[in-house]
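In what follows, a single structure is set out as structure tokens and then discussed.
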Amino acid sequence: MSFTKAPLLLLGISLLLSTPAWADETGPTKAPSRPKNIVIMIGDGMGPSYTSAYRYYKDNPDTEEVEQTVFDRLLVGMASTYPASVSGYVTDSAAAATALATGVKSYNGAISVDTQKQPLPTILEKAKSLGLSTGVAVTSQINHATPAAFLAHNESRKNYDALALSYLETNADVFLGGGQKYFPPALLEQFKAKGYQHISRFEDLASITQPKVLGLFAEVQLPWAIDEKDAKKLSTLTQKALSLLSQNDQGFVLLVEGSLIDWAGHNNDIATAMGEMDEFSNAIEVVEQFVREHPDTLMVITADHNTGGLSIGVDGNYNWNPEILRNISASTDTLALAAISGEQWQADLARGLGFELSEEEVAKLNVARMQGLETMAVAIRHLIDKRTDTGWTTDGHTGTDVQVFAAGPASELFNGHQDNTDIANKIFSLLPKPKKPKS
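Positions 23 to 461 (the working numbering) are the ones given, in order, by the sequence shown.
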């Protein structure tokens, strides 16, 4: 956001906050104009083609219409994602998360530091200083780029051990996700000494009734959602975080990330990506219901960038076949591992994919199988792409704008086009004002 635009933005914010966010004065419930609670949700890598693909993936083939999804229902605007000029026009997750967490653009790899590597105040830090509770619930390791940018400061996203150690100083109330690898026993003891309950089994989550909690449920990432279709792990983590943080009468700010949408996109794995989109959608609906029950809560949802250059239709074919994806029973990583190790691999793979393999497909897969696990996984992804008419332009990020979704008090602030830094600055403006000391 340039300096010349700042007064206009702040004027718009003040005008919107001067009137209630509800339209009907005669309605039974009056929502406040300024939220008490804020939930920020990020679909990592979730460019517009992902939400479109998800709509068709979830479409009921027995009806004439294409049904809406939660993304269609909550869409309010778009956002640009470019990083600081030193990194060009295509952002990484760290620079994008820094922009969304601080309202300042930085270089790719930066964790809430500016281009001179100086720390930038984050939304969660500011909220904590004002007496609000804070937390994160993610499907990656909790010290990955996005949650780290909301919680910490470092010149490089790759400094995972240093980021994990720095979390001791954040005083956040809830950490939920993966990352056991980065929290050795000595560090866990320091968290316990600061009053944190540490759990590593997902089933133990139900026993947690009070913040503060450090829940690490995987060595690095949580399992792919498609491999555990009934687990609903992100939505469960989100529900638990809401119940814990809402115990603070002053309010809370929660970050929820569907981290693995991006990881599936980097793999160019459409079936696994749709599984991650489905669970992120479940988590959004958990928050949407919380907003209905607590009309003083704002939810803002966006992506940090687009991953993979996903194309719905490819090679001149005016076609896309999501019904094939609905029948795939496991991630391509899991299918490849089973195919490498199983004697009846062709039959097992066909069963996992939900369709019979042609002789040409078997021949290509057999060659890939001889070359190892990763080659086999890539071959299965290419097979699925061919069957579904799915295309990809890259295994990295692209510079396209992303969508913005919102509901609750002051959600109108996020209508239309904006920059990712504007999203952060609008959220900063909605935090409570510091109380003046009594004279």
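Ideal Cβ positions, reconstructed from N, Cα and C, are used throughout, including at glycine.
Excluding residues up to 5 positions away in sequence, Lys254 and Ser257 lie with their Cβ nearer than 6 angstroms to the Cβ of Asn304 in the same chain. Here the alpha carbons of Ser74 and Ser451 stand approximately 32 angstroms from one another.
Judged by DSSP in its simplified three-state form, Asp252 adopts coil rather than helix or strand.
The alpha helix (DSSP H) runs lying completely inside the segment 133-207 and spanning 4 residues or more are 145-151, 167-173 and 182-188, given in chain order.
When the five nearest sequence neighbours on each side are left out, the beta carbons in the same chain lying within less than 7 angstroms of the beta carbon of Glu383 are those of Leu405, in order along the chain.
In the pairwise beta carbon analysis, the segment 390-403 is classified as touching the segment 354-366: at least three pairs are separated by under 8 angstroms. Within a 10 Å sphere around the beta-carbon of Glu301 sit 16 or more other beta-carbons, which makes this residue buried. Separation of Ala432 and Arg314 (C-alpha to C-alpha, rounded to the nearest whole angstrom) is 15 angstroms.
DSSP places Val400 inside the alpha helix (DSSP H), whose first and last residues are Leu395 to Thr410.
Looking at the backbone, the Cα of Ile362 and that of Pro456 are separated by about 60 angstroms. DSSP links Gly69 through a beta bridge to no other residue. Around the Cβ of Thr144, a 10 Å sphere holds 16 or more other Cβ atoms; the residue is buried.
An exposed status is given to Ala228, since fewer than 16 other beta-carbon atoms sit within 10 Å of its beta-carbon. If you look at Thr294, you'll find it isn't in any beta strand (DSSP E); it sits in the alpha helix (DSSP H) that goes Ile292 to Glu315. Distance from Asp66 to Glu279 at the Cβ level is roughly 6 angstroms; contact confirmed, criterion being Cβ atoms closer than 8 angstroms.
The straight-line gap separating the alpha-carbon atoms of Val196 and Ser134 is approximately 20 angstroms.
When secondary structure is reduced to three states using DSSP, Gln212 falls in the helix class. Leu190 counts as exposed, since fewer than 16 other C-beta atoms from the protein chains shown sit within 10 angstroms of its C-beta. In the structure shown, Gly364 falls within a coil segment according to DSSP collapsed to helix, strand and coil. Across the structure, Gly335 and Trp285 are spaced so that their CA atoms are roughly 21 angstroms apart. Gly280 carries a strand assignment under DSSP once its states are collapsed to helix, strand and coil. DSSP places Val384 outside any beta strand (DSSP E); the residue lies instead in the alpha helix (DSSP H), whose first and last residues are Glu381 to Arg391. For Thr124, the uninterrupted alpha helix (DSSP H) run begins and ends at Ser115 to Thr124, by DSSP. For Lys150, the closest alpha carbon among the candidates Asp252, Gln163, Thr192 and Val424 is that of Thr192. Only exposed fits Asp417, as fewer than 16 other CB atoms lie within 10 angstroms of its CB. Three or more Cβ pairs closer than 8 angstroms define a contact, and the segment 170-182 falls short of that threshold against the segment 205-220. A check of alpha carbon separations from Lys458 across Gly125, Ala325, Thr410 and Leu152 identifies Leu152 as the nearest. The residues Asn165, Ala170, Ala174 and Asn176, in chain order, have a CB closer than 6 angstroms to that of Leu185 in the same chain once the five nearest residues on each side in sequence are set aside.
Gly430 and Pro57 do touch by the CB rule: their CB atoms are close to 6 angstroms apart, below 8 angstroms. For Ile346, the enclosing alpha helix (DSSP H) covers residues Pro344 to Arg348.
Where Thr324 is concerned, the enclosing beta strand (DSSP E) starts and stops at Thr319 to Thr324. Taking C-alpha positions only, Gly394 is separated from Asp114 by approximately 30 angstroms.
In the displayed model, Thr354 falls within a helix according to three-state DSSP. A contact between stretches requires three or more CB pairs, one per stretch, nearer than 8 angstroms, and the segment 260-267 meets this requirement with the segment 219-238. Cβ-Cβ distances below 6 angstroms link Ala167 to Ser115, Ala116, Ala119 and Arg179 in the same chain, with the five nearest sequence neighbours on each side left out; the list follows chain order. When C-alpha distances from Val309 are compared across Ile221, Ile283 and Ala159, the shortest belongs to Ala159.
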